[in-house]
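S.K.: Here you go, one structure.
Numbering (the working numbering), first residue to last: -4 to 217.
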């Protein structure tokens, strides 16, 4: 059983793909609009095949959703996909990650796996997530495994794109590999979590530069 916290584009598409892969998924979302959509068996954004797969997994009870992390559900893995917006000074807001990690810490058991998937600044996994979880005194595994799928092809790309995995240690890396190899064929491991965090930022900035270049060409042609 896997608990995915944050059912935005990243979280909901991952939840559906993992449910299709045989996992039992508990989705956690606090946004009332998103919860209302899910109760109507619909996603809150357009993605080809999303609603059909959502209805299928709700029906076969491979996917369910709630507004807080459930207890006593034999959950062994927690995947964090909450938002990391910028404030007015263009600094990353890590408040949602801190709150989520604190909630996870309250239910964490020995040998549980925690995977951070949100877009974060370098050092977030080691300097923010790890200390909160270590306070529990539990033996756990922690990795950063970035999302890199594009809107419009997410359900397909999650199954074919190489999954980047950066573990806080080798055992964490191994545990994360065992999860993601059930939904994608290729795994790429990094030497540390910071490298995995950097890869995600490079992917995003590379795409941003491509869009900017296309816009400049369009302006020139006009």
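Here a beta-carbon is modelled for each residue, glycine too, at the ideal position from N, C-alpha and C. Predicted, not measured: the structure shown is a model, and the values here were computed from it.
So within the region 72 to 125, which uninterrupted beta strand (DSSP E) runs reach at least 3 residues, ignoring any that extend past its ends?
M.R.: 72 to 75 and 107 to 111
S.K.: Kindly indicate which residue of 161, 166 and 204 has the alpha-carbon position closest to the one of residue 192.
M.R.: 161
S.K.: From 34, 202 and 73, pick the residue whose C-alpha is nearest to that of residue 59; which is it?
M.R.: 34
S.K.: Go ahead and pull the three-state DSSP assignment for residue 40.
M.R.: coil
S.K.: Cutting at 7 Å between CB atoms, please list the residues of its own chain near residue 61, excluding the five before and the five after it.
M.R.: 21 and 23
S.K.: Candidates 120, 212, 57 and 44: which alpha carbon is nearest residue -3's?
M.R.: Of the candidates 120, 212, 57 and 44, 57 places its Cα closest to the Cα of residue -3.
S.K.: State whether the region 108 to 128 contacts the region 180 to 197, with contact taken as three or more CB pairs (one from each stretch) at a distance under 8 Å.
M.R.: Look at the beta carbons and you see the region 108 to 128 touching the region 180 to 197: at least three pairs across the two are nearer than 8 Å.
S.K.: Give the straight-line distance between the Cα atoms of residue 216 and residue 208, rounded to the nearest whole angstrom.
M.R.: 12 Å
S.K.: Quick one: complete alpha helix (DSSP H) runs, 4+ long, within the region 139 to 212?
M.R.: Segments of the alpha helix (DSSP H) lying fully in the region 139 to 212: 149 to 155 and 165 to 175.
S.K.: For the alpha helix (DSSP H) that residue 28 lies in, which residues bound it at each end?
M.R.: Its alpha helix (DSSP H) spans residues 27 to 34.
S.K.: Helix, strand or coil: how does DSSP classify residue 2 here?
M.R.: In this structure, DSSP gives residue 2 a state outside helix and strand, which the three-state scheme calls coil.
S.K.: Mark residue 47 as exposed unless 16 or more other C-beta atoms lie within 10 angstroms of its C-beta, in which case mark it buried.
M.R.: exposed
S.K.: For residue 38 versus residue 7, is the C-beta spacing smaller than 8 Å?
M.R.: yes
S.K.: Could you tell me whether the region 100 to 112 touches the region 125 to 136, where touching means 3 or more Cβ pairs closer than 8 Å?
M.R.: yes
S.K.: Assuming residue 188 and residue 172 form a contact by the criterion Cβ under 8 Å, report the distance between their Cβ atoms to the nearest whole angstrom.
M.R.: Not a contact, Cβ separation roughly 14 Å.
S.K.: So if DSSP puts residue 49 in a beta bridge, which residue, or which two residues, is it bridged to?
M.R.: DSSP lists no partner for residue 49.
S.K.: Got a sec? Which residues, its chain only, sit under 7 Å from residue 29 by beta carbon, not counting five neighbours each side?
M.R.: 2 and 39
S.K.: Here's a check: name, in chain order, each residue in its chain whose Cβ is nearer than 7 Å to the Cβ of residue 13, leaving out the five neighbours to either side.
M.R.: Once the five neighbours on either side are set aside, the close Cβ partners of residue 13 are -3, 20 and 178.
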